[in-house]
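Residues in the sequence shown are numbered from 22 upward in steps of one, following the numbering used here. Structure first, commentary second.
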Amino acid sequence: MRNLNKYLEDVDAPENEIKAVASTISHELRTPLNAIIGFSDLIQEVESIKDIRSFAKIIELNGSMLLKKITSIIDFSVLDYYSDLCLEEINVNKLVQDVYNNFINEAEYKHSVRVEIKTKDNDDSLIIYSDRTKIEKILTNLLSNSLKFTNEGCIEIGYEVIKSNDSNARLLIYVSDTGIGIPEDKQNIIFKPFRQVDESYCADLEGLGIGLAICDKLSKIINGRLRLESALNKGSLFTLELPIDNLFARQNIIRVKNVLIVEENEVNYFELKDCLNKKSFNVMRTCNVDNLNGLINAIANLDYVIINSGIEMFENAFRIRSLHEKYPQITFIVQTLEYDGLIMFESRYDNLHFINTPLNKEEFKELLNNCLAKKMVLASG
Ligand code: ADP
22 MRNLNKYLED VDAPENEIKA VASTISHELR TPLNAIIGFS DLIQEVESIK
72 DIRSFAKIIE LNGSMLLKKI TSIIDFSVLD YYSDLCLEEI NVNKLVQDVY
122 NNFINEAEYK HSVRVEIKTK DNDDSLIIYS DRTKIEKILT NLLSNSLKFT
172 NEGCIEIGYE VIKSNDSNAR LLIYVSDTGI GIPEDKQNII FKPFRQVDES
222 YCADLEGLGI GLAICDKLSK IINGRLRLES ALNKGSLFTL ELPIDNLFAR
272 QNIIRVKNVL IVEENEVNYF ELKDCLNKKS FNVMRTCNVD NLNGLINAIA
322 NLDYVIINSG IEMFENAFRI RSLHEKYPQI TFIVQTLEYD GLIMFESRYD
372 NLHFINTPLN KEEFKELLNN CLAKKMVLAS G
């Protein structure tokens, strides 16, 4: 009998879900749209400037609300197709502080709610390689929800590292609140798209029920997990759990990298150097390409050679390729005018990359981040 009930429940579930989703979408999109149409009609009939202004304000508010909702539907729909990871070095302490600083303005209007942060001042020791934008998006969303569902008390953001053993550290970034809480039987469904605890319309707490579904997808993309603990009328604790690769790998990556820039031109040299964060890179320079082989050989622990292929691009590219074959552990980045012609080499050699002249700093930094992330994967594997 129990099994039969369960079977019927399971069979019923999709239909209920579809109904709930349809009613949420219909309600959440129609409500602002109806307001826009209704007040646009009214505005044509009134004469007082005061009325016109106040109706225009209502139209503007509903328009931006509608835009926000449509944007999150689009974000959610394209997430499966455009979910590239953009890895970079992240100072966790600073990231949490940045998210907090951006949020406190949003929270200012709720005087009955304190927003607190638990981080360590100037702590630069916890570095991870992950996708900053995605983490920020998740945390911002969690904070906005906490603000929406907390009427008094406190919202807190913070982080901690849990070390079960040396090779298995985890980073937990949390957002907690003393808000209305989430009943146990709803704690799973709220991570599904368009689902909410209270699916009846509530004008104050309008929302599409899509934010947590986006957060959940984003955390999976960054190889993390989103967890929830909550008690009704007491509050909620959302935790983003991220793996930290084994500590040895981290230390290996955090070691300052030695970079040799082969560049005669002062302006080019300083442009490249400017992209190399002082804390992570120890930069050396040579203008002389004649005895590059000897120089590379002489520098202990050289990680990168950044070199301008100059006018004799193809000839130099072949020379660089043979250097790369001799020193496969070094990453060679070749700046060239003939990017399209030389890029074919890149696919054949793991540690050989080409960038355009003139330098595009953003592209160069992205390439460096990708190289660092690749070295981290190799070190931890
Ligand atoms: P939205 O907030 O737009 O409805 P979300 O997917 O972000 O969509 O949240 C889904 C539902 O989960 C919310 O409607 C609310 O019922 C519940 N919820 C989310 N965060 C909290 C929170 N901090 N406290 C209480 N309920 C929450």
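C-beta: ideal position from N, C-alpha, C; glycine also. It should be emphasised that the depicted structure is a prediction, and the values quoted were computed from it without experimental measurement.
When we look at the beta-carbon of residue 308 and count the other beta-carbons within 10 Å, is it buried (16 or more) or exposed? Result: exposed.
Measure how close the beta-carbons of residue 19 and residue 199 come, nearest whole angstrom, since I'm counting them as under 8 Å. The question about residue 19 has no answer here: the residues shown for the chain are numbered 22 through 402.
DSSP bridge partner residues for residue 262 (one or two, in chain order): According to DSSP, which records beta bridges pairwise, residue 262 is partnered with 193, 246.
Any chance the CB of residue 297 is under 6 Å from a heavy atom of the ligand ADP? Because no heavy atom of the ligand ADP lies under 6 Å away, the Cβ of residue 297 does not count as near it: no.
Pairwise C-alpha distance: residue 178 and residue 260: Here the alpha carbons of residue 178 and residue 260 stand approximately 10 Å from one another.
Through-space distance from residue 296 to residue 265, alpha-carbon basis: In a straight line, the C-alpha of residue 265 is about 26 Å away from that of residue 296.
Once the 5 residues before and after residue 192 are set aside, which same chain residues still bring their CB inside 6 Å of it? The answer, listed in chain order, is 182, 263, 265.
Using DSSP with H/G/I as helix, E/B as strand and the rest coil, what is residue 232? In this structure, residue 232 counts as helix in the three-state DSSP scheme.
contact_flag[the stretch 114 to 126, the stretch 80 to 95] where n(CB pairs < 8 Å) is 3 or more: Counting C-beta pairs with one atom in each stretch, the stretch 114 to 126 and the stretch 80 to 95 have fewer than three that are closer than 8 Å, which means they do not touch.
Alpha carbon to alpha carbon, what distance is there between residue 358 and residue 113? For residue 113 and residue 358, the distance between alpha carbons rounds to 38 Å.
Coil, strand or helix - residue 70 by DSSP: Helix, per DSSP.
Backbone CA spacing between residue 133 and residue 174 [nearest angstrom]: Whole-angstrom Cα-Cα distance: 7 Å.
Does the beta-carbon of residue 217, which I'm using as the reference point, lie nearer than 6 Å to any heavy atom of the ligand ADP? Residue 217: yes, Cβ under 6 Å from the ligand ADP.
Using three-state DSSP, classify residue 278 as helix, strand or coil. If DSSP states are grouped into helix, strand and coil, residue 278 belongs with the strands.
Can you list, in chain order, the residues of its chain whose CB lies under 8 Å from that of residue 222, leaving out five sequence neighbours each side? Only weak support exists for where residue 222 lies, its pLDDT of 42 falling under 50; the value from the coordinates is given anyway. For residue 222, where only same-chain residues beyond five positions count, the Cβ hits under 8 Å are 48, 52.
Local conformation of residue 176 per DSSP, three classes: In the three-state scheme derived from DSSP, where H, G and I count as helix and E and B as strand, residue 176 is classed as strand.
From residue 304 to residue 236, what distance separates their C-alpha atoms? Their backbone Cα atoms lie some 39 Å apart in a straight line.
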